[in-house]
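Under our numbering, the first residue of the sequence shown is numbered 933, with each subsequent residue one higher. Data first, discussion second: the structure below is written as structure tokens.
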Amino acid sequence: MPDPEVISETDTACGHAKNHRLAVVGSLAQGLTAAVLGAGLGLSFGHDDLGYTACLAVGGFFVLLVMASRREGRAFRSVFAAWIGLCFGLGEFFAGMSWFPSSIAREWPQLSAAPEYLLLVYLASYHALTGALFGAFARRFRRQVAGWFVALPFVFACAWTIPEIIRGTAMTGLPILSLGYQMVGCAFFGYAPIVGLYGVGFAAALASALFGMLVFVKRRRTSSSPRTALGCQQRRQSEKASCGAVT
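The structure is reproduced here in structure tokens:
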């Protein structure tokens, strides 16, 4: 007869290995989703009628960051949020500035392509800063502020605007593909004479996050329904039985 302690340790190891694989696959999937959302934002620039589409992409980015901020491990939350932000930024700038490397190569054919792509990665890294700031602010709000979950859209708008201001001023300024530019055909742009480019971007990021919050809350309620909870419990029991069968 098998030793119960050995069976318990094997079940635990099997569960940990499977959870690790699921975490890696989930991280890659969320990174790919963030890149697709960033590409949607980048491709919307230059089309004034797609301003609200850009807000949808930013709202999806907010939902991914909220999911990242709820992961276990304090340091891991910020690192994973920075990973999501980097993927979002790579999607945005490689899609929205796809013309940049070819135009440089046409004007200066003697130059290699590496500096152009490094510049795109540099610009994308500011969204990684957005993710890291959001993860850090969300953790602090969770510890110190009652009803911290409601404040997350404002935290996201701040974490979005601060790197945009830095990017628009550092190294003589590279404000290209700032969110405020895409709001020309939207209601937010009417406040541009008062709050400026970054104020319009802040308002758009806040509205996008509020929309993303509604989607996230609705998804959370659906996942916490009794039928869904029963399905999750049955799935966990079947996984435990399969691990025991392997041993």
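Where a beta carbon is used, it is the ideal one built from N, C-alpha and C, also for glycine.
Measuring only the C-alpha atoms, how far is residue i from residue j?
i, j, result
"Gly1144", "Leu988", "8 Å"
"His1059", "Met1115", "19 Å"
"Ala1083", "Gly974", "27 Å"
"Asp980", "Gly1131", "18 Å"
"Leu969", "Phe993", "7 Å"
"Gly1122", "Val957", "43 Å"
"Ile1094", "Tyr1113", "16 Å"
"Ala1139", "Val1127", "16 Å"
"Ser1034", "Trp1040", "10 Å"
"Ala967", "Gln1042", "31 Å"
"Glu1096", "Leu1129", "10 Å"
Would you mind working out which of the options sits nearest residue i, comparing C-alpha positions?
i, options, result
"Phe1069", "Leu1022, Leu964 and Phe1088", "Phe1088"
"Leu996", "Ile1016, Ala986, Arg1071 and Phe1120", "Ile1016"
"Ala1119", "Thr1101, Val957 and Tyr984", "Tyr984"
"Leu1065", "Pro1047, Gln1042 and Cys1090", "Cys1090"
"Ala961", "Ile1036, Phe1020 and Ala1136", "Phe1020"
"Leu1109", "Gly1133, Ser1035, Ile1036 and Pro1125", "Gly1133"
"Thr1062", "Gly963, Gly978, Arg1002 and Ser1010", "Ser1010"
"Phe1081", "Pro1125, Leu1142, Ala1014 and Ala1013", "Leu1142"
With a threshold of 8 Å between beta carbons, is residue i in contact with chain C?
i, result
"Ala1137", "Structure shown: chain C not included; a single protein chain is present."
Subject >> Any alpha helix (DSSP H) of 4 or more consecutive residues that is wholly inside the stretch 1033-1103 >> reply: Taking only runs of at least 4 residues, the alpha helix (DSSP H) segments lying wholly in the stretch 1033-1103 are 1046-1076 and 1084-1101.
Subject >> Unbroken stretches of the beta strand (DSSP E), 3 residues or longer, contained in the stretch 1120-1151 >> reply: As far as the stretch 1120-1151 is concerned, it has no whole beta strand (DSSP E) run of at least 3 residues.
Original post:
Is there contact here, the stretch 1046-1054 with the stretch 1014-1032, by at least three beta-carbon pairs under 8 Å?
Top reply: Touching, per the Cβ criterion.
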